[in-house]
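Plus 47 on top of the position in the sequence shown (first one is 1) and you've got this note's numbering.
Here is the structure we will look at, set down as structure tokens.
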Amino acid sequence: MGQPQYSVEDLIANIKRRCAVPTSQLTYTPEDFTLLASDEMQDIVVPLIMSTREEMFVDFYDIPTPADRIIPFPPETVGNKIRSVCYVQQSSPLILINLPRIDLDVVAGVGFSNLATLAGFYIQGNDLVLYPNTSVPVGTMIRIYFYRRTLVLADPSSYGRVVSVDPNTNTIVLDFMPLAWGIGTLLNAVSQTTPFRTVNDEMEIVNVSSPSVILNNVDDISVGDYISQKGFSAIPQIPIEAHPYLAQLTAAKALEGLGDRAGEEAAAAKAEKMKSALLVMISQRVDGSVKKIVNPSGGLRFNATIGRWGGGWGGSTY
């Protein structure tokens with residue numbers, strides 16, 4: 048036996064086994080199974096994992112403070128929500144100062160004398176606005192922590208696996224070359240190993256000579272990684288332990304579509320049991336250490352004093 052594989056192709060094989068009906072009776076194509084699984088992952092599995100509040104899917108961007116102090120949400124955020132906003136006071140060693148969110152009603156009613164005590168940010172549409180607008184100097188770094196959206200699942204006919212990488216010529220060789228790819232196609236690369244991160248989120252095809260592809264960059268790509276069109280992933284970007292649960296949910300949905308009421312109910316009941324087991328495995332990610340609650344204004348954090356930039360977060364720490 049080879050190493051375990053977790054691609055969409057393997058997921059589809061798992062779904063078919065769980066449907067418990069002859070393959071000849073399954074009217075779904077691989078693309079149909081892929082779309083069903085992608086929907087179940089986004090609608091059920093990802094929210095379930097996020098409900099454990101164990102920081103899964105959390106990523107960050109460091110963004111230079113713009114002149115207007117208006118920063119758009121990262122486009123990859125789940126539900127257009129962010130985890131937290133910090134001022135990067137020092138990068139080595141890293142010192143972050145958490146910026147509090149200020150309610151719009153408070154912003155509208157605040158007076159000049161209160162600016163110093165309310166330095167932070169407020170939400171305006173899909174932007175965060177630093178407040179007051181002198182609170183952080185232009186060009187200094189703001190770190191935005193957010194929940195990164197998992198990529199849409201790619202149909203097995205639309206991705207390839209890296210066989211070799213030549214960084215000198217920006218050339219990769221794939222085990223399969225999708226027919227739809229051509230010069231100018233935007234791609235991304237997903238790691239073959241858990242947690243199946245997107246290791247390169249944008250590459251452009253410069254030239255194609257199957258099975259070789261010349262790209263504008265091959266940064267961070269390794270042999271065994273999966274390449275698909277930008278926005279898609281050949282592997283569900285969820286914990287390995289959640290893959291069987293995803294397969295079971297998709298099997299239940301497929302049986303529902305076939306009109307197999309009894310089969311769908313049995314599959315759904317099994318999925319509910321698997322949900323309970325999954326929560327046991329992914330909750331409390333560090334069993335030997337409970338979370339410590341720290342007062343943001345207490346002595347166990349670096350306190351930001353009002354800095355020289357008009358009552359902001361640029362002051363010293365102590």
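Virtual Cβ for every residue (Gly too), placed ideally from N, Cα, C.
These figures come from a predicted structure and were not determined experimentally.
Practice item. Indicate whether the contact test is met: 3 or more Cβ pairs, each with one atom in the stretch 223-230 and one in the stretch 301-310, closer than 8 Å. Key: no
Check your understanding: Comparing the C-beta of Ala84 with each C-beta of chain C, is any distance below 8 Å?
Key -> The chain labelled as chain C is not found in the depicted structure, where only one protein chain is given.
Review point. Between the beta-carbon of Ile285 and the beta-carbon of Thr218, is there less than 8 Å?
Key: Mapped onto the sequence shown, residue 285 falls at position 238. Mapped onto the sequence shown, residue 218 falls at position 171. Contact flag unset, no.
**Study point:** Rounded C-alpha distance that separates Asp248 from Asp115
**Key:** Stepping through the sequence shown from its first residue, residue 248 is reached at position 201. Stepping through the sequence shown from its first residue, residue 115 is reached at position 68. Cα to Cα, Asp248 sits roughly 28 Å from Asp115.
Practice item. Taking Met321 as part of the alpha helix (DSSP H), name the residues at either end of that continuous run. Key: Here residue 321 corresponds to residue number 274 of the sequence shown, with the count starting at 1. Met321 -> alpha helix (DSSP H) spans Arg308 to Ile329.
Exercise for review: Can you have a look at Pro242 and say buried or exposed, based on whether 16 or more other CB atoms are within 10 angstroms of its CB?
Suggested key: Walking along the sequence shown from the start, residue 242 turns up at place 195. Result: exposed.
Practice item. Quick one: residues in its chain with C-beta nearer than 7 Å to the C-beta of Cys18, no 5 flanking neighbours on either side, listed in chain order? Key: Since the first residue shown for the chain is 48 and the last is 365, residue 18 is missing from the structure and cannot be characterised.
Review point. Quick one: Cα of Asp202 to Cα of Thr232, how far?
Key: Along the sequence shown, one-based indexing puts residue 202 at 155. Along the sequence shown, one-based indexing puts residue 232 at 185. Going from the Cα of Asp202 to the Cα of Thr232 covers about 17 Å.
Exercise for review: State yes or no: is the C-beta of Ile191 within less than 8 Å of the C-beta of Ile110?
Suggested key: Within the sequence shown, the letter at position 144 stands for residue 191. Within the sequence shown, the letter at position 63 stands for residue 110. Yes, Cβ-Cβ distance for Ile191 and Ile110 is below 8 Å.
Review point. What's the gap between the Cα of Val105 and the Cα of Arg195?
Key: Residue 105 sits at position 58 when you count from the first residue of the sequence shown. Residue 195 sits at position 148 when you count from the first residue of the sequence shown. If you take the alpha carbons of Val105 and Arg195, they lie about 6 Å apart.
Check your understanding: Per the contact definition of three or more C-beta pairs closer than 8 Å, is the stretch 182-191 in contact with the stretch 119-135?
Key -> yes
Check your understanding: If we count the other Cβ atoms within 10 Å of its Cβ and call it buried at 16 or more, is Gln239 buried or exposed?
Key -> The count along the sequence shown starts at 1 and reaches residue 239 at position 192. With 16 or more Cβ atoms within 10 Å of its Cβ, Gln239 is classed as buried.
Exercise for review: Kindly identify the DSSP beta-bridge partner or partners of Glu251.
Suggested key: Along the sequence shown, read from residue 1 onward, the residue named residue 251 stands at position 204. Leu233.
**Study point:** Uninterrupted beta strand (DSSP E) stretches inside the stretch 189-226 (no shorter than 3 residues)
**Key:** 206-213 and 218-221
Exercise for review: Can you tell me which of the three DSSP states Phe80 falls into?
Suggested key: Reading the sequence shown from its first residue, position 33 is the one you call residue 80. Three-state DSSP puts Phe80 in a helix.
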